[in-house]
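As structure tokens, the structure follows; a few thoughts come after it.
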Amino acid sequence: MCIFNIVKIEDLIEKLEEEFDDVEQGVLNPEFNIKDIEGWGSMHVLVVIALIDSEYDVLLSGSDLTNTETISDLFEVVQKKMIK
Amino acid sequence: MALFSVNNVKIKGISATVPEEVYSNKSYEWISKKERDMLIKMTGVNERHVAKFGMTTADLCESATEKLIEELNWAKEDIDVLIFVSQSRDYLIPATACILQNKLGLSNNCLAFDVNMGCSGYVYGLSIISGMMSSGQIKKGLLLVGDISTLNTSYNDKSTYPLFGDAGTCTALEYSNEAKMSFNLQTDGAGYEAIIIRDGGCRNYASKESFDKVKHAEGIERNRVQLELQGVDVFNFSLKEVKPNVSRILDEHGVQIDEVDYFVFHQANKLINESIRKKLRIPPEKVPYSLDRYGNTSLASIPLTIVSELKEKVSKGENKLLISGFGVGLSWGSTLIDLEDLVCPDIIEIKLN
Chain C
55 MCIFNIVKIE DLIEKLEEEF DDVEQGVLNP EFNIKDIEGW GSMHVLVVIA LIDSEYDVLL
115 SGSDLTNTET ISDLFEVVQK KMIK
Chain V
178 MALFSVNNVK IKGISATVPE EVYSNKSYEW ISKKERDMLI KMTGVNERHV AKFGMTTADL
238 CESATEKLIE ELNWAKEDID VLIFVSQSRD YLIPATACIL QNKLGLSNNC LAFDVNMGCS
298 GYVYGLSIIS GMMSSGQIKK GLLLVGDIST LNTSYNDKST YPLFGDAGTC TALEYSNEAK
358 MSFNLQTDGA GYEAIIIRDG GCRNYASKES FDKVKHAEGI ERNRVQLELQ GVDVFNFSLK
418 EVKPNVSRIL DEHGVQIDEV DYFVFHQANK LINESIRKKL RIPPEKVPYS LDRYGNTSLA
478 SIPLTIVSEL KEKVSKGENK LLISGFGVGL SWGSTLIDLE DLVCPDIIEI KLN
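First to last, the protein sequences are chains C and V. So the first sequence is residues 55 to 138, counted in my numbering. So the second sequence is residues 178 to 530, counted in my numbering.
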């Protein structure tokens, strides 16, 4: 039911920028490696899982995020899980 | 499916005791200020009450129980069952409930035993004690739940140390013709390693090596008799399982969200609890938090939150509550309860004698 919410990667980028106080708007792009967010750690992982769950109703596993580098990768994982 | 109701048992009073000493997470210097600020924001835990070495969960529960019996004006000889639910018992042997029966001056005709459960322990404990009292032969009972979790966390483990607080509680139950409690209890032991203390039980006897501190990740160092918590696994479990469990019990009993006065969830951490609240579409005013001042107090968190946040509301009139515990085991469950003119003393703070 949420498939229409994420037709654009830009929406995901905007939501990630809103979520992390330290990330200024316009800094993130599809090729940005999310692990390069300053101070990236286990708490960031939980925040991203919570964000994706509440916005897209998709529950990512820890390994989904371990295997993800760029925002584009993350977008792809979310889309794949939405279709399932 | 463990979806069932127990008739004829009513909760008459709830009390809670915490150690006097308060630790603020603002002074947790093991991690940087930036990380600390993010941790406080994400977990919602500003400060917590911490027991000094020598104070046990039984001490906290004893204090809460004495106060509640006094306020209820119950005669101790009328109490026929005492159940102590905890993961921090006084001794490996014997059961702490037996020691408490004596300390509290209860009759030798009172049955007493321990149950080893964590975050889901209050809900499980209610199901056990109400089941025992439902036939009407036992009229008055005490459910003591609490944990001293801080004793088993490593200061050098940022994934556990700043989260937990200590508390002991007492819930007094009485046989009552019109009362009903409903339960939905679940288990998934495949996730037993998500929250674990590895050594010191019979599977892995404590040895010299059990006390060797090992670095597992940046900011995470502990030994094998200290609590280990796999944050992502626990988080995913909570997001996946709590909502359907709560929805199922509400559906089963034809209860709408707006018919429930308060939803009291185990105080895991703010990010988990708010995610669950939003998934269930519960308005924020129906979901109280005590996390900011008490932290995650394991299975005491539900009764502690009722006392600290809802005392004024539940002391007068009728209130329908949905309470839900989830965590170590993995084990989780929800209960629908009706409270009427609950006896609810102020939270007690005690120090080590």
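No residue lacks a Cβ here, since even glycine has one placed at the ideal position from N, Cα and C. All figures in this text were calculated on a predicted structure; none of them were measured in a lab.
- Residue 107(C) belongs to the set of residues whose beta carbon lies under 8 Å from a beta carbon in chain V.
- Along the region 83 to 106 of chain C, going in chain order, the ones with a CB nearer than 8 Å to a CB of chain V are 93, 95, 96, 97, 99, 100, 101, 103 and 104.
- Residue pairing by DSSP places residue 196(V) opposite 527(V) in a beta bridge.
- For residue 391(V), the secondary structure class from DSSP, reduced to helix, strand or coil, is strand.
- Between residue 221(V) and residue 466(V) a beta carbon distance of about 7 Å is seen, short of the 8 Å cut, so the two are scored as contacting.
- Residues 459, 463, 464 and 499 of the same chain have their beta carbon placed closer than 6 Å to that of residue 440(V), with the five preceding and five following residues left out of the count.
- For residue 113(C), a Cβ of chain V is located within less than 8 Å of the residue's own Cβ.
- Look at residue 364(V) here: in three-state DSSP terms it is strand.
- The way I'd put it, the region 360 to 375 of chain V does touch the region 389 to 408 of chain V; three or more beta-carbon pairs between them come closer than 8 Å.
- A direct Cα-to-Cα measurement between residue 212(V) and residue 99(C) gives close to 14 Å.
- Judged by DSSP secondary structure, residue 424(V) falls within the alpha helix (DSSP H) whose first and last residues are 408 to 429.
- Taking 8 Å as the CB threshold, residue 116(C) lines the interface with chain V.
- Excluding the 5 residues flanking it on each side, residue 70(C) has same chain C-beta neighbours closer than 8 Å at 77, 82, 88, 102, 105 and 125, in chain order.
- DSSP, read as helix, strand or coil, puts residue 229(V) in coil.
- Ranked by Cα distance from residue 356(V), the first of 178(V), 185(V), 502(V) and 528(V) is 185(V).
- Assignment of beta-bridge partners to residue 399(V) by DSSP yields 391(V).
- In the three-state reduction of the DSSP assignment, residue 519(V) falls in the coil class.
- When the Cα atoms are used, residue 520(V) and residue 528(V) turn out to be separated by approximately 24 Å.
- One Cα belongs to residue 330(V), the other to residue 338(V), and the distance between them is close to 5 Å.
- For residue 216(V), the nearest CB of chain C lies under 8 Å from its own CB, placing it at the interface with that chain.
- The Cβ of residue 418(V) sits no closer than 8 Å to any Cβ of chain C.
- If you check the CB distance, residue 265(V) and residue 324(V) come in under 8 Å.
- Contact between the region 200 to 219 of chain V and the region 374 to 385 of chain V is absent: fewer than 3 CB-CB pairs across the two stretches fall below 8 Å.
- Within the same chain, Cβ atoms closer than 7 Å to the Cβ of residue 107(C) are found at 113, the five residues on either side in sequence being excluded.
- For residue 292(V), no alpha helix (DSSP H) run applies; the uninterrupted beta strand (DSSP E) run containing it begins and ends at 288 to 292, by DSSP.
- Contact with chain C is absent for residue 334(V), since none of that chain's Cβ atoms lies less than 8 Å from the residue's Cβ.
- Put simply, the backbone Cα of residue 448(V) is about 13 Å away from that of residue 473(V).
- Note that the region 188 to 198 of chain V touches the region 338 to 355 of chain V; at least 3 beta-carbon pairs, one per stretch, sit closer than 8 Å.
- In the three-state reduction of the DSSP assignment, residue 181(V) falls in the strand class, which pools E and B.
- In the DSSP assignment, residue 384(V) falls outside any beta strand (DSSP E), carrying neither H nor E.
- Around the Cβ of residue 179(V), a 10 Å sphere holds fewer than 16 other Cβ atoms; the residue is exposed.
- Residue environment: residue 209(V) is assigned as exposed (fewer than 16 neighbouring CB atoms within 10 Å of its CB, all protein chains considered).
- For the options 503(V), 215(V) and 530(V), the alpha carbon positioned closest to that of residue 363(V) is the one of 503(V).
- Inside the region 270 to 344 of chain V, DSSP marks whole beta strand (DSSP E) runs of 3 or more residues at positions 288 to 292 and 317 to 324, from first to last along the chain.
- Under the 8 Å criterion on CB atoms, residue 212(V) is classed as interfacial with respect to chain C.
- Taken through DSSP and simplified to helix, strand or coil, residue 129(C) comes out as helix.
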